[in-house]
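Heads up, the thing below is written out as structure tokens.
Numbering (the working numbering), first residue to last: 125 to 197.
Here you go:
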């Protein structure tokens with residue numbers, strides 16, 4: 125699976141964080157979750173962290189799996 129890319133985040137004045145993927149909003153974090161996210165982004169691979177937090181880290185094979193014969197009903 126390819127590495128995640130296209131994610132960015134913006135910390136707003138009310139201490140919330142908006143995560144975007146290729147320019148579209150993918151999630152908003154507030155309070156303790158935003159603080160935990162920011163700490164994790166600073167200490168690890170930012171793209172992978174943002175993909176995990178938004179749940180958008182599985183982009184490759186779901187589209188192909190949809191067309192697999194066992195999934196056609």
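C-beta atoms are modelled at their ideal positions from N, C-alpha and C, and glycine is treated no differently. Given the structure is predicted, the values throughout are model-derived calculations rather than measurements.
Based on the DSSP secondary-structure assignment, which residues constitute the bridge partners of residue i?
| i | result |
| --- | --- |
| residue 151 | 143 |
| residue 131 | 145 |
In the DSSP assignment, find the unbroken alpha helix (DSSP H) run with residue i in it and report its ends.
| i | result |
| --- | --- |
| residue 196 | Per DSSP, residue 196 belongs to no alpha helix (DSSP H) and is neither H nor E. |
| residue 172 | 170-178 |
State the Cα-Cα distance for the pair residue i and residue j, rounded to the nearest angstrom.
| i | j | result |
| --- | --- | --- |
| residue 168 | residue 162 | 10 angstroms |
| residue 157 | residue 140 | 9 angstroms |
| residue 129 | residue 171 | 6 angstroms |
Around the Cβ of residue i, are there at least 16 other Cβ atoms within 10 angstroms (buried) or fewer (exposed)?
| i | result |
| --- | --- |
| residue 193 | exposed |
| residue 150 | buried |
| residue 136 | exposed |
Using three-state DSSP, classify residue i as helix, strand or coil.
| i | result |
| --- | --- |
| residue 137 | coil |
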